[in-house]
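In the numbering used here, the protein residues as written are 29 to 176. Take a look at the structure set out below.
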């Protein structure tokens, strides 16, 4: 395990879970008459305001100016990634995907891709258990998509 705060090791996934569940719930409730780009833009304006208010809760060495100097192209890459996620899920839910299966199907393939990236590029270890898990996930997606 990488070095870090042991309490946050458990709190962080809880935050992710709450965020992911609410994200998918609300993404599925955006009116179809609302342009998805307008919806996402309004969301990002709200995110910018909320995030700015949260900065004092996460103090860092050197202050805000030092943090701003550390920004790089990675924030642009993350922004592109997030907008693809947001627009993709909005369009999925508008075009027939159920909230109960849409994220599950995409998450399985996302995790397979991340396992490959981790093993081939980053150097993470992929065990036989990981590979067995991937096969079980693929079988699960096949079962979800199977129409009897």
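Note that CB positions come from ideal geometry on N, CA and C, so glycine has one too. Being a predicted model, the structure only gives us computed values, none of them experimental.
- The beta carbon of residue 94 is closer than 8 Å to those of 88 in its chain, skipping five residues each way along the sequence.
- In the three-state reduction of the DSSP assignment, residue 90 falls in the coil class.
- Residue 147 sits away from residue 141, with the two beta carbons spaced by 7 Å or more.
- Rounded to whole angstroms, the Cβ separation of residue 172 and residue 133 is 6 Å, and the two are in contact under 8 Å.
- Taking residue 121 as the centre and dropping the five residues before and after it, the same chain places the C-beta of 55, 56, 127 and 130 closer than 7 Å to its C-beta, in chain order.
- A residue is called buried once 16 or more other Cβ atoms fall within 10 Å of its Cβ, and residue 117 is buried on that count.
- Cβ atoms of residue 158 and residue 144 stay farther apart than 8 Å, at about 11 Å.
- DSSP places residue 98 outside both helix and strand once states are collapsed to three, so it counts as coil.
- Your pair residue 104 and residue 92 does not check out as a contact, with CB atoms roughly 20 Å apart and the cut at 8 Å.
- At the C-beta level, residue 115 and residue 64 come within 7 Å of one another.
- Just measuring C-alpha positions, the residue of 138, 156 and 36 sitting nearest residue 86 is 36.
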